[in-house]
Every structure is written in structure tokens, then in C-alpha cells.
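Notes follow once the structure below has been shown.
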Amino acid sequence: MAGSPESSFTPLKKDENSPTADVKDTNAFESTSTSEDSGSEEEFQELNRNPFLDPEVAAHWKLVYENSKYECRHAFDPTLTWTEEEEKRVIRKTD
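Every letter in the sequence shown is one number past the one before it in the working numbering, and letter 27, counting from 1, is 645.
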């Protein structure tokens, strides 16, 4: 009988030089500009729709993609925007 899938599991080695992200850290998902003094409600709504408009978030994820050698990292464009109509068409195609 062949070995079980669990027996063929090889854990990933920790790379001491690469930064790691704690998946439990929800602070990375919170906007840094949540106070009333820091911007308008419209700006806050834009950040909720596209978190990459925050330069710190965009820089973080660019670094994550580069360090992981993500295969499509060259296509990452945090400034890319689209209309709600364009998004609906894409969602319909992928559903």
C-alpha cells in the first residue's frame, strides 16, 4: 500500500532573510487614516473600495509579491481603477 498523503508532506523551511507576515495581524487591513481630521468621508470610502490607494499598503504588498517571486508581480499596479460596470462584467465572466 502506498504511503498516506500525510507521510509525504514536507514542511517549508523558514528563510531567515525574508520578512514574514502574521496572518492574525488584522492591523494590516485597517486604514491609517480613520480619524475625522485626516480626510474626507469620500477619501475613506475610496480606501475601502481600493486599499492599494494607501501608499503604505501598496508598498507592503509590492514587497510581499517580490519576496515571494509571485509569477504575475510585474502586472501589479496599485493605481489601476475600473468602473462598477467593468467590475460587474468581470464578475459575471468568472462566476
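Glycine residues also receive a C-beta, built at the ideal position from the N, C-alpha and C atoms.
Query: Considering just the uninterrupted stretch of the alpha helix (DSSP H) at residue 678, what are its terminal residues?; Result: 673 to 685
Query: So, helix, strand or coil for residue 670, using DSSP?; Result: helix
Query: Would you tell me roughly how many angstroms separate the C-alpha atoms of residue 703 and residue 710, rounded to the nearest one?; Result: 11 Å
Query: Roughly how many whole angstroms lie between the Cα atoms of residue 661 and residue 671?; Result: 10 Å
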